[in-house]
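Before any comments, here is the structure.
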Amino acid sequence: MLKSITRPIVLRGFNRVSVGLLFFTMRIRSFLIPLLLSCLTLGTVSCASPPQQESSEASPASQVETNAQTTLEIWWEQGFLPEENEAIADIVRQWEAESGITVNLKLLPTADIAAELDNAIETGNAPDIAFPGSQAEVLFTRLAWQGKLADVSDLLNPIEASFNPVALSGVNYQNQVRDSRSYYAIPLGLTTTNIHYWRDRLAEAGFEAADIPEDWPGFWAFWQQVHGGLQQVGQNDVFAIGLPMSVNGSDMLGSFRYFLGAHNVRILDENGQLLLDRPENRQGIAAALAEYASFYQQGYVPPSATEWRNVGNNVSFIEGESVMVSNGNLSIPLTQKWPDNPYNQQSRDRYYNRIVTRGWPRRADGSAIAAAVAVRQLAIPATARHPEAAREFIAYLLETENLSQWLETLKGRFVPAFQPILERPFWNDPDDPHFPAVIAIQQGETRPKYQVFHPAYSEVEAQKIWQNALASILEGEASPQDATDRAIEQMQAIFAEWNQQS
0 MLKSITRPIV LRGFNRVSVG LLFFTMRIRS FLIPLLLSCL TLGTVSCASP
50 PQQESSEASP ASQVETNAQT TLEIWWEQGF LPEENEAIAD IVRQWEAESG
100 ITVNLKLLPT ADIAAELDNA IETGNAPDIA FPGSQAEVLF TRLAWQGKLA
150 DVSDLLNPIE ASFNPVALSG VNYQNQVRDS RSYYAIPLGL TTTNIHYWRD
200 RLAEAGFEAA DIPEDWPGFW AFWQQVHGGL QQVGQNDVFA IGLPMSVNGS
250 DMLGSFRYFL GAHNVRILDE NGQLLLDRPE NRQGIAAALA EYASFYQQGY
300 VPPSATEWRN VGNNVSFIEG ESVMVSNGNL SIPLTQKWPD NPYNQQSRDR
350 YYNRIVTRGW PRRADGSAIA AAVAVRQLAI PATARHPEAA REFIAYLLET
400 ENLSQWLETL KGRFVPAFQP ILERPFWNDP DDPHFPAVIA IQQGETRPKY
450 QVFHPAYSEV EAQKIWQNAL ASILEGEASP QDATDRAIEQ MQAIFAEWNQ
500 QS
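Taken in order, the sequence shown gives residues 0 to 501; the numbers are from numbering that gives the first Met the number 0.
Structure, rendered in C-alpha cells:
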C-alpha cells in the first residue's frame, strides 16, 4: 500500500521485505510530462520491517565483524524516477543475498541529504556509505578537507587505469588535517554542461548545422543571425539563445564557466591559490560578465530567463521558445527518448532527428576551452561503524554489471566514469546522436571543478556570487567592472576565512 508521508524512504533488510514507491506528476502538455518527471522528487515510504539489533558490545575496529553483527547503513539521494530507487534497491538486495549482511538503505531528498549527513557526522551517527548526488562535490571537498572522510585509495588504485582521468581528479581531495591529497570518494558518473539546439528551427531561419562557426565570437554572432532570421519569418516569440540568467538556480554557473574560459580567466591554480590579483583575470571576468549579460540586454534571450529555476531552460527549449540552450546533462533530449511504437513517433523524431547535442566553441585563438566535469560520487565517512563492510559493498557496486545496471536505469543522464562500461550496447546505439556527442566532450579537453583544488570555492558557488554579479548588471545596479570588483572582494574574503581556519 502506498502512503504519502514526510519521512525519507527507509528500506531495511531487502531479503525480507518489499518496497513501495510513490511519485507524482504535474499536469502539462503531453510531451512535457517526461521532462517534469525528471525534475520532481518522489513521495516517501517507510518499510515496516525492523532492523536487526546489533550486539550491545561494539567490536574493536581491529577485529573482523561477523555478518550477524553488521547492519550496513547506506544513505542515497532519492531518484527523480521510481526506477532509480528500484535500481539501487535491487543491487542492495543482490549484495545482501551474497554477503549475508543486512542493509539499512535510506533514500533522502536532494534538498535534505547534505544537511542530514552533516548533522549525522557531527553527532557521531554517520552512515557507512553516503551518495548525496548533486550535493557531493560541495559536501565532500569540505569533509575531506576536515579529515571527515575515509581514504578509499585501496579501492581505486588497483583499477584506476579503467577510470576516466578527470573522474579521478574530481575525487582527489586535499586533507588539511593530514596535509596531504588522496582519493576520498568513488566516482560513479560524469556530467558536463552541453549545448542543445533545434535543427529544424535553424532551417526556418535559413541556416543549417554546417553554418555554425567553431570560434567563440563567430559562434555567438551566428545565433544572433538566427534570431534575426526567425523574426523575419514572423517568429517573434522565439529566442535564439537560451542562456540561464537567474539567481534562483545553479544552471547559470555551468554556462558561465565557459565564458570565463573563453576570456582566459583562471580563478585558482592546482595548489588552491587564488589568482584574482592578476590584472588579466580581473579584466577577463569583467569581459565575461559583460558578454554574458549582453545577450539578455539585447533581446536574444527569453525575458523569463532571469526567473528560471533549474528546470526553466529545459521547459523553454522543449516548448520551442528557445532555439539553443545550455544544460548540465542530457536530461533535455532524454525526455524525448521513448520506446519505438506508434504512440511515440513524434518524441522519437525529436530525439533522433530534430534535437542536436554539441560541445562549446573554441576561444578566438582556436584553443579549446576545458570542460569542467561534474562527478557523481559516493564516500565512506571517517566515523563509519562498518568501514570494511562498506568497502565490500562498494567493490560489489563497481563490478561492471552492477554499476551498468544502475547507470542505465538513469537513462544515461550520467556518463560512466568507469570506462569499460562505455563498451556496452546501451552506450553504442549507432543511431543515437546524443551519447557520442557527450562522450566526446568528456574525453576531450577537461578539468575538475575548482572546489577540488580548494573547498572554499564551494562557498563561492553556495553564496551565488556569480549569479548575483550578473543580476546586478541586468538590474542596472552595477557596471561589469563594478560587479567584478565586488565579486573578487567576496571571493577573497571567503578564502581568507577558510585559510585562517586551517
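All residues carry an ideal CB built from backbone N, CA and C; glycine is no exception.
CB of residue i within 9 Å of CB of residue j, strictly
i      : j      : result
Gly241 : Val264 : no
Ala304 : Ser249 : no
Tyr257 : Ile368 : yes
Arg390 : Leu154 : yes
Gly233 : Gly205 : no
His433 : Thr334 : no
Phe452 : Asp150 : no
Phe130 : Trp75  : yes
Arg423 : Ser403 : yes
Ile120 : Pro454 : no
Trp215 : Pro360 : yes
Asn193 : Leu329 : yes
Tyr182 : Ser161 : no
Val322 : His226 : yes
Phe238 : Pro301 : yes
Gly327 : Gly253 : yes
Val372 : Pro435 : no
Thr408 : Glu85  : yes
Leu396 : Ile90  : yes
Exposure label - residue i; buried when at least 16 CB within 10 Å
i      : result
Val102 : buried
Arg177 : exposed
Ile493 : buried
Ile158 : exposed
Tyr342 : exposed
Asn352 : exposed
Leu377 : buried
Gln231 : exposed
Ala114 : exposed
Pro332 : buried
Leu274 : exposed
Ser37  : Residue confidence for Ser37 is low, a pLDDT of 36 falling below 50, so the modelled location carries little weight; the figure read from the coordinates is stated next. Result: buried.
Gln344 : exposed
Ile272 : For the record, residue 272 in the displayed sequence is Gln; it is not Ile. Gln272 is exposed by the Cβ-count criterion.
Gln466 : buried
Reduced DSSP secondary structure (H/G/I, E/B, other) of residue i
i      : result
Asp236 : coil
Tyr183 : coil
Leu80  : coil
Ile354 : strand
Asn174 : strand
Gln223 : helix
Asp431 : coil
Gly503 : Not covered by the structure: residue 503. The range shown for the chain is 0 to 501.
Asn263 : coil
Leu35  : For Leu35, the predicted model reports a pLDDT of 36, less than 50, meaning its position is unreliable and no value from the coordinates is stated.
Thr502 : Any property of residue 502 remains undetermined from this structure, which presents the chain solely from 0 to 501.
Ile100 : coil
Ala495 : helix
Trp74  : strand
Val507 : There is simply no residue 507 to check, as the chain begins at 0 and stops at 501 in what is shown.
Leu361 : Here residue 361 is Arg; the residue named in the question, Leu, does not match the sequence. It is a strand residue.
Pro380 : strand
Thr190 : strand
Asp214 : strand
Leu148 : strand
Leu274 : coil
Tyr299 : coil
Phe255 : helix
Segment limits, beta strand (DSSP E) that includes residue i
i      : result
Met323 : 321 to 326
Thr140 : No beta strand (DSSP E) contains Thr140, which is instead part of the alpha helix (DSSP H) from 135 to 144.
Phe546 : In the structure displayed, the chain extends from 0 to 501; residue 546 sits before or after that span and is not available.
Val246 : Looking at the DSSP string, Val246 is not in any beta strand (DSSP E), and its letter there is neither H nor E.
Tyr196 : 193 to 197
For residue i, the first and last residue of its enclosing alpha helix (DSSP H)
i      : result
Leu406 : 399 to 408
Pro447 : Not the alpha helix (DSSP H): Pro447 falls in the beta strand (DSSP E), residues 445 to 447.
Asn312 : 311 to 317
Asn467 : 464 to 473
Arg281 : 278 to 296
Gln376 : No alpha helix (DSSP H) holds Gln376; the beta strand (DSSP E) holding it covers 370 to 377.
Gln345 : 344 to 348
Asp153 : 152 to 155
Ile393 : 386 to 396
Ser168 : 164 to 168
Ala455 : 455 to 461
Assumed close pair residue i, residue j - CB separation to whole angstroms, cut-off 8 Å
i      : j      : result
Ile472 : Ala292 : 5 Å
Asp127 : Arg384 : 6 Å
Pro186 : Ala495 : Actually they do not touch by this definition, with Cβ atoms about 31 Å apart.
Proximity test, residue i beta-carbon vs the ligand SAH heavy atom, cut-off 8 Å
i      : result
Pro454 : For the structure depicted, the ligand SAH is absent and the ligand set is empty, with no information on it obtainable.
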